[in-house]
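Peer 1:
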Amino acid sequence: MQGRTWGLRLLLLLGLRLGSQEALPPPCESQSYCHGELLHQVQMAKLYQDDKQFVDMPLSLAPDQVLRRFRELAQAHNLSIPRQELQVFVQEHFQAVRRELQPWTPGDWRDSPQFLQKILDPKLGAWAGQLHQLWKKLGKKVKPEVLIHPEQFSLIYSRHPFIVPGGRFVGFYYWDSYWVMEGLLLSEMPETVKGMLQNFLDLVQTYGHIPNGARVYYLQRSQPPLLTLMMNRYVAHTNDTAFLWDHIETLASELDFWSKNRSISVNSGGKSYILNRYEVPYGDPRPESYSKDAELAATLPEGNRDTLLAELKAGAEPGWDFSPRWLLGGPNPSSLSSIRTSKLVPVDLNAFLCQAEGLMSNFYSRLGNDSEAAKYRNLRAQRMAALKDVLRDEGKGAWFDYDLENEKKKLEFYPSNFASLWAGCLPDPDDVDKALKCLEDSRILTYQYGIPNSLQKTGQQWDFPNAWAPLQGLVIRGLAKSPSAKAQEVAFQLAQNWIRTNFDVYSKKSAMYEKYDISNGGQPGGGGEYGVQEGFGWTSGVALMLLDRYGDRLSSGAQTAFLEPHCLAAALLLSLLPQWQASRSPSGCSS
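In terms of the working numbering, the sequence shown opens at residue -2 and continues consecutively.
#1: At what residues does the beta strand (DSSP E) containing Ile271 begin and finish?
#2: CA-CA distance, Pro449 and Phe319?
#3: Does the segment 131 to 148 come close enough to the segment 197 to 206 that 3 or more CB-CB pairs lie under 8 Å?
#4: For Leu543, collect the residues of the same chain with a Cβ closer than 6 Å to its Cβ; drop the 5 residues on either side in sequence, then sort them by chain order.
#5: Should His244 go down as buried or exposed, given a rule of 16 or more other Cβ atoms within 10 Å for buried?
#6: Please say whether Gln81 and Ser57 have beta carbons closer to each other than 9 Å?
#7: Ordered along the chain, which non-local residues of its own chain (more than five positions away) have a Cβ less than 8 Å from that of Cys564?
#8: Under 7 Å Cβ to Cβ from Ser334, same chain only, skipping five residues before and after it: list those, please.
#9: Since I believe Asn494 is in contact with Tyr446 (beta carbons under 8 Å), could you give me their beta-carbon distance rounded to a whole number of angstroms?
#10: My output table needs one value for Pro22: the three-state DSSP class, helix, strand or coil.
#11: Excluding five sequence neighbours on each side, which residues of the same chain lie with their C-beta closer than 6 Å to the C-beta of Tyr287?
#12: Taking buried to mean at least 16 other C-beta atoms within 10 Å of its own C-beta, is Trp317 buried or exposed?
#13: Per DSSP, what kind of secondary structure is Leu293 in: helix, strand or coil?
#14: Compare the C-alpha of Ala420 against each of Leu346, Asn264, Gln457 and Ala383 and name the closest.
#15: Considering only the alpha carbon of each residue, which of Gly475, Gln469 and Met186 lies closest to Phe159?
#16: With 16 other CB atoms within 10 Å as the buried threshold, where does Ala395 fall?
#17: Can you name, in chain order, every residue of its own chain whose Cβ lies under 7 Å from the Cβ of Gly104, other than the five neighbours on each side?
#18: Indicate whether the contact test is met: 3 or more Cβ pairs, each with one atom in the segment 525 to 540 and one in the segment 463 to 474, closer than 8 Å.
#19: Let me know if Asp590 comes out buried or exposed under the rule of 16 or more other beta-carbons within 10 Å of its beta-carbon.
#20: Within 8 Å, do at least three Cβ pairs link the segment 385 to 393 to the segment 258 to 273?
#21: Check whether the segment 515 to 528 and the segment 136 to 146 are in contact - that is, three or more C-beta pairs closer than 8 Å.
#22: Quick one: using the 10 Å Cβ neighbour count with 16 as the cut-off for buried, is Val529 buried or exposed?
#23: Check for me: the alpha helix (DSSP H) holding Ser537 runs from which residue to which?
#24: Taking Gly280 as the reference, which of Val167, Glu402, Pro22 and Leu551 has the closest Cα?
#25: Quick check: what's the CA-CA separation for Ser260 versus Ser507?
#26: Got a sec, what are the start and stop residues for the alpha helix (DSSP H) Pro467 sits in?
#27: For Leu436 and Met178, what's the separation of their Cα atoms in angstroms?
#28: What residue range does the beta strand (DSSP E) around Tyr513 cover?
#29: Check for me: the alpha helix (DSSP H) holding Ile145 runs from which residue to which?
#30: Go ahead and pull the three-state DSSP assignment for Pro521.
#31: Considering only residues of the same chain and omitting the five flanking positions on each side of Leu592, which have a CB-CB separation below 8 Å?
#32: Enumerate in chain order the residues of its own chain whose CB-to-CB distance from Asn517 is below 7 Å, with the five nearest sequence positions on each side excluded.
#33: Quick check on Leu117: buried or exposed, where buried means 16 or more other Cβ atoms within 10 Å of its Cβ?
#34: Would Ser184 and Leu541 qualify as a contact pair, given that the criterion is a beta-carbon distance under 9 Å?
#35: Based on DSSP bridge pairs, tell me the residues matched to Lys405.
#36: So what's Pro462 in DSSP terms, helix, strand or just coil?
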């Protein structure tokens, strides 16, 4: 069934805008891209395989003209628009995706960045050179008409060109860009990084925070707060303290957003701690996944639907959309209908903020503002105490998300359990060795092709058997920071495994992917709401980071590089259990 009649019936089912319960506000005001009958009918008619395609299409006319013509079309068909007529309407009133962007070759791209000379394996060296070439393919610039007629685009205008992730992701995204920037700095492209940083700073100045991505339908949700770390990496590379001085208050404003809008008080051991969570109290389906959200909401009682739609948005804010990590209870605990993201205090979010608070203290000290430096130093100390007392499990040697409803830690393995190592928020140096034992007890070191994102198989893309580049980087760099020779050697082994997976898949398919299936020799990943995407910005960035750090040791060969004698136990596990199945693995780190 098609058209408005069908749409109104579904609206009655969903209770999205009808009924006695007061609805949450929509993701943005646009009746083309965020809410309204036009969006609803087009997305529920499933004119495109991917809902994101429609909301990325620019309008050909002013929004009021398009909406008026849509109402006329609906009335002409007695409020029931045939699918073919709807398709023609969209073709006549919207432009193709990507029309608002133009290819851009970064001006600071150069042929042979210095880090390539560190890579001793000739095959890996040649591959790294090809990854360096990908920045030119992923470079984009916003056309001037987006600035002149912003109401006709879902894309938010950016003054400076940027590097996109690739595939369906044709704009830039917040936390993706940090890993991209790391690769760009190795490629000796600081001006490109500065421009991307400026785009993010502009977003904070305009909206008070950085949206998930540069689209109007992302405005009410953010992503992991890595802006301060981006600035730190840029300033460390360039010593551009003038840029830091000009924008230090904007960095502070972004952290204020998290403090004012995403904080929660948690009681533990008779003390109260302020921590942060992901929460997006806005209704309606996510525009870029509209039909999936609407159909899922229809399976719930009317009074639970707005909550579900808000929790789905909150589940997208961490960048892990979606993961069993966010599923808490319900009649079907492996279904997205059980998502309760805002009811968790995430380890990694609080580790990221702990790191940012430490960096802000250092920034203000460097700029001679001792009072602000002390403020952030105290905030970091308070958060480190909260990480220890609320999120850390001493017996298991790691940090775990905290379930607010059940008032207990969620003792399941995720790479995020080790974010505090990466962020440098460790009150006790022995925490590294305990965390390493947790990895061993979880049998994570038995996976030869990468660290799985979880040990559960729900069909979501952020679970087993998928592995994702940023989380490989998080665990590897966290261990590599340790003074422990054992932890450093395990970090190298994990880097070797991941690089070989990336290299082998690239050798077969001439592409880098957003995620990899590590269950059977390493291949492009799957699951979730859309097909696996290639490009890919953050995968290339992490690969270049690891090639830079370990280029004198990494091998492209097929033979597994075992650990040194001081890691013999882990090496034996690697050799004896090369493909340990997720079903046989424990859900947490056994003590």
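Using N, Cα and C, we set each Cβ at its ideal position, and we do this for glycine too.
Peer 2: Taking the definition as stated:
#1: That run of the beta strand (DSSP E) goes Lys268 to Asn273.
#2: Near 14 Å, if we compare the C-alpha coordinates of Phe319 and Pro449.
#3: The count of Cβ pairs closer than 8 Å, one atom from the segment 197 to 206 and one from the segment 131 to 148, stays below three, leaving the stretches out of contact.
#4: Here the set comprises Ala492 and Ile496.
#5: Residue environment analysis places His244 among the buried positions, since at least 16 neighbouring C-beta atoms fall within 10 angstroms of its C-beta.
#6: Result no, Cβ atoms of Ser57 and Gln81 do not sit closer than 9 Å.
#7: Below a pLDDT of 50, predicted positions are generally treated as unreliable, and Cys564, at 44, falls in that range; no measurement from the model is reported.
#8: Closer than 7 Å at Cβ, skipping near neighbours: Leu293, Thr296, Leu297, Leu305 and Gly327.
#9: The beta carbons of Tyr446 and Asn494 sit about 6 Å from each other, so the pair counts as a contact at 8 Å.
#10: Coil, per DSSP.
#11: Gln40 and Asp48.
#12: Classification of Trp317: buried, given that the 10 Å Cβ count is 16 or more.
#13: Reduced to three states, the DSSP call for Leu293 is helix.
#14: Checked all of Leu346, Asn264, Gln457 and Ala383; the closest Cα to Ala420 is Leu346.
#15: The candidate whose alpha carbon is nearest that of Phe159 is Met186.
#16: In summary, Ala395 is buried, with 16 or more beta-carbon neighbours lying within 10 Å of its beta-carbon over all protein chains present.
#17: Counting only residues of its own chain and dropping the five nearest sequence neighbours on each side, Gly104 has a CB closer than 7 Å to the CB of Glu188.
#18: Counting Cβ pairs under 8 Å, three or more are found: they touch.
#19: Residue 590 is absent from the structure shown; the chain starts at -2 and stops at 588.
#20: Because the criterion of three Cβ pairs below 8 Å is met, the segment 258 to 273 and the segment 385 to 393 touch.
#21: In short, these stretches do not touch, since the Cβ pair count stays below three.
#22: Answer is buried; the Cβ neighbour count reaches 16.
#23: For Ser537, the enclosing alpha helix (DSSP H) begins and ends at Gly534 to Tyr547.
#24: Checked all of Val167, Glu402, Pro22 and Leu551; the closest Cα to Gly280 is Pro22.
#25: Approximately 44 Å, taken between the alpha carbons.
#26: DSSP places Pro467 inside the alpha helix (DSSP H), whose first and last residues are Ala466 to Ala477.
#27: Whole-angstrom Cα-Cα distance: 28 Å.
#28: It spans Lys512 to Asp514 - the beta strand (DSSP E) in which Tyr513 sits, taken as one unbroken run.
#29: Element bounds for Ile145: Glu142 to Ile145.
#30: It is a strand residue.
#31: Any answer about residue 592 is impossible in this case: the structure gives the chain only from -2 up to 588.
#32: Closer than 7 Å at the Cβ level, and outside the excluded window around Asn517, lies no residue.
#33: When all chains shown are included, Leu117 counts as exposed.
#34: Cβ atoms of Ser184 and Leu541: closer than 9 Å.
#35: Lys405 pairs with Asp400.
#36: It is coil, neither helix nor strand.
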